[in-house]
Amino acid sequence: MTTAVAVDYRTALLSFRAAIRAVRQSPQPSTLAELSRATLQLPESPSNTPVEDEKHVALLRALEFAQESQHFPRIAHMVTTVEDLSHLVPSWTPHPYAAEATANVVRLLAVCHEQQADMEEHQLSPWTRAAEAGTRLLGIILRRTDKRPADSLMVRTAEEFAERMRAAVAETASKMAAQFAEYAARVYGLFPIGSRLARMNGGYVEWSRVIGSIRYHFELAEGGWIEGFPHGRVTVRRGGSHKPIRTFALTARTSRKAIARFVSSL
């Protein structure tokens with residue numbers, strides 16, 4: 000492989016990964032369309048194997064399916080009706096906006112439960128996270144009174160619900176894209192870095208990631224119940240080994256909010 004060809008592969012792959020990050024940061028039809036374009040611009044590998052073609056076509060189909068999802072306009076409409084509701088003073092007399100906003104939230108919550116039926120077993124699933132925000136939003140809407148309208152909280156929660164819903168809609172396509180990025184790096188002869196695969200295991204948060212030719216496993220335990228680690232710890236294992244190769248102690252400066260943000264990003 001010449002240096003010029005290697006640079007072309009690397010540049011295309013970097014652009015592809017940047018498009019994946021854009022989808023994860025702002026999942027919506029426009030960023031999914033950009034990711035589709037970046038996918039089409041990836042150069043062929045030296046071998047151009049049929050397996051590569053199949054993976055490429057499957058990814059493009061997943062991106063098209065996500066991009067055209069009717070959930071996106073429904074999510075936007077939900078936020079609009081909640082914002083309309085926030086401009087009204089709560090009363091015992093039902094208002095059309097209240098019924099519409101509630102119905103929109105319930106319908107989207109139903110989608111979450113249809114997509115992820117066993118939420119207790121998949122606490123880090125994007126559909127589970129969306130349902131958690133949607134359930135909080137529904138409770139806020141139903142508990143509003145003229146003394147406690149909770150307008151700002153209601154709108155913020157609606158926006159959080161919408162953000163998590165969009166992430167869930169785009170999850171399959173963005174995950175396939177991340178897997179394809181790792182695969183493409185290998186066939187291009189570049190250094191592969193895989194996406195993070197996360198799950199809850201009791202009171203621990205676990206995730207793994209391929210770096211080069213090795214899969215590393217990480218475990219986050221919050222503080223309060225681990226001897227010697229009052230603020231929690233992160234352990235790192237290599238491959239199938241149960242013996243940690245590194246252990247990092249969390250400190251008092253590591254707030255629960257920061258940990259929650261990190262877990263939410265997995």
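For the sequence shown, numbering that gives the first Met the number 0 gives the first residue as 0, with consecutive numbering after it. Here a beta-carbon is modelled for each residue, glycine too, at the ideal position from N, C-alpha and C. If you're wondering where the values come from, they're calculated on a predicted model, not measured in any experiment.
message: In whole angstroms, give me the CA-to-CA distance for Phe-261 and Arg-236.
response: Residue 261 sits at position 262 when you count from the first residue of the sequence shown. Residue 236 sits at position 237 when you count from the first residue of the sequence shown. Computed Cα separation, rounded: 19 angstroms.
- prompt: If we call anything under 8 angstroms between Cβ atoms a contact, is Pro-243 one with Thr-234?
  reply: The residue labelled residue 243 in the question sits at position 244 within the sequence shown. The residue labelled residue 234 in the question sits at position 235 within the sequence shown. Yes, these two residues count as a Cβ contact at 8 angstroms.
- request: Report the rounded CA-to-CA distance for Met-118 versus Gly-202, giving the unit in angstroms.
  value: If you number the sequence shown from 1, residue 118 lands on position 119. If you number the sequence shown from 1, residue 202 lands on position 203. One C-alpha to the other measures close to 16 angstroms.
- request: Return the Cβ separation of Ala-176 and Leu-41 in integer angstroms, given the expectation that the two are a contact with Cβ distance under 8 angstroms.
  value: The count along the sequence shown starts at 1 and reaches residue 176 at position 177. The count along the sequence shown starts at 1 and reaches residue 41 at position 42. At roughly 11 angstroms, the Cβ-Cβ gap does not stay under 8 angstroms, so Ala-176 and Leu-41 are not in contact.
field: Contact the region 22-33 vs the region 63-77: 3+ CB pairs below 8 angstroms
entry: yes
- prompt: Name the DSSP bridge partner or partners of Asn-200?
  reply: As a position in the sequence shown, residue 200 is number 201, starting the count at 1. Answer by DSSP bridge pairing, in chain order: Tyr-203.
- prompt: If you drop the 5 nearest sequence neighbours on each side, which residues of the same chain put their C-beta closer than 6 angstroms to that of Gly-223?
  reply: In the sequence shown, residue 223 corresponds to position 224, counting from 1. Around Gly-223: no qualifying Cβ.
- prompt: Taking buried to mean at least 16 other C-beta atoms within 10 Å of its own C-beta, is Glu-113 buried or exposed?
  reply: Within the sequence shown, the letter at position 114 stands for residue 113. Exposed.
message: What would DSSP say about Phe-247, mapped onto helix, strand or coil?
response: Sequence index remark: in the sequence shown, residue 247 carries index 248 (1-based). Strand at Phe-247.
query: Per DSSP, what kind of secondary structure is Thr-234 in: helix, strand or coil?
result: Numbered from 1 along the sequence shown, position 235 holds the residue referred to as residue 234. Residue state, collapsed to three classes: strand.
message: Would you call the region 124-135 in contact with the region 180-194, where contact means no fewer than 3 C-beta pairs closer than 8 angstroms?
response: no
task: Would you check if the distance between the CB atom of Leu-219 and the CB atom of Val-204 is smaller than 8 angstroms?
output: Your numbering for residue 219 matches position 220 in the sequence shown. Your numbering for residue 204 matches position 205 in the sequence shown. In contact: Leu-219 and Val-204 (Cβ atoms closer than 8 angstroms).
field: Beta-bridge partners of Arg-208, as assigned by DSSP
entry: By 1-based counting over the sequence shown, the position of residue 208 is 209. Answer is Tyr-215.
query: Would DSSP call Glu-221 helix, strand or coil?
result: Along the sequence shown, one-based indexing puts residue 221 at 222. Note: Glu-221 maps to strand in three-state DSSP.
- prompt: Is Arg-165 near Phe-247, with beta carbons less than 8 angstroms apart?
  reply: Stepping through the sequence shown from its first residue, residue 165 is reached at position 166. Stepping through the sequence shown from its first residue, residue 247 is reached at position 248. Cβ distance not < 8 angstroms, so Arg-165 and Phe-247 don't count as in contact.
Residue burial classification, Asn-200 (beta-carbon count within 10 angstroms, cutoff 16): As a working mapping, residue 200 is identified with position 201 in the sequence shown. Classification of Asn-200: exposed, given that the 10 Å Cβ count is below 16.
One or two residues paired with Leu-192 in a DSSP bridge: As a position in the sequence shown, residue 192 is number 193, starting the count at 1. In the sequence on display, residue 192 carries Ile and not Leu. Note: Ile-192 sits in a beta bridge opposite Ile-210.
Completely contained alpha helix (DSSP H) runs for the region 34-105, where each covers 4 or more residues: Taking only runs of at least 4 residues, the alpha helix (DSSP H) segments lying wholly in the region 34-105 are 49-66 and 70-85.
- prompt: Less than 8 angstroms separating the beta-carbons of Leu-31 and Ala-169?
  reply: Position 32 of the sequence shown, counted from the first residue, corresponds to residue 31. Position 170 of the sequence shown, counted from the first residue, corresponds to residue 169. In this structure, Ala-169 lies closer than 8 angstroms to Leu-31 by Cβ.
- prompt: Nearest-angstrom Cα distance between Thr-101 and Gln-115?
  reply: Residue mapping note: residue 101 aligns to position 102 of the sequence shown, counting from 1. Residue mapping note: residue 115 aligns to position 116 of the sequence shown, counting from 1. Going from the Cα of Thr-101 to the Cα of Gln-115 covers about 21 angstroms.
- request: May I ask which residues mark the beginning and end of the alpha helix (DSSP H) holding Phe-179?
  value: Along the sequence shown, one-based indexing puts residue 179 at 180. Element bounds for Phe-179: 150-187.
task: Quick one: residues in its chain with C-beta nearer than 6 angstroms to the C-beta of His-216, no 5 flanking neighbours on either side, listed in chain order?
output: In the sequence shown, counting from the first residue as 1, residue 216 sits at position 217. These residues qualify, in order along the chain: Ser-207 and Arg-236.
- request: Tell whether a beta-carbon distance below 8 angstroms holds between Leu-108 and Arg-73.
  value: For the purposes of this step, residue 108 is taken as residue 109 along the sequence shown, with counting starting at 1. For the purposes of this step, residue 73 is taken as residue 74 along the sequence shown, with counting starting at 1. Their beta carbons are not under 8 angstroms apart, which means Leu-108 does not touch Arg-73 by this criterion.
- prompt: What is the DSSP secondary structure of Glu-119, reduced to helix, strand or coil?
  reply: One-based indexing of the sequence shown puts residue 119 at position 120. Residue state, collapsed to three classes: helix.
Alpha-carbon to alpha-carbon, Pro-89 and Ala-18: Walking along the sequence shown from the start, residue 18 turns up at place 19. Walking along the sequence shown from the start, residue 89 turns up at place 90. One Cα belongs to Ala-18, the other to Pro-89, and the distance between them is close to 43 angstroms.
task: Going by CA-CA distance only, name the one from Ala-37, Tyr-8 and Asp-7 that's closest to Ser-173.
output: Taking the first residue of the sequence shown as 1, we reach residue 173 at position 174. When only C-alpha atoms are compared, the closest one is Ala-37.
Reduced DSSP category for Gly-138 - H, G, I as helix; E, B as strand; rest coil: Within the sequence shown, numbered from 1, the residue matching residue 138 stands at position 139. Three-state result, Gly-138: helix.
message: By the three-class DSSP mapping on this structure, what secondary structure does Glu-226 have?
response: Residue mapping note: residue 226 aligns to position 227 of the sequence shown, counting from 1. Coil, per DSSP.
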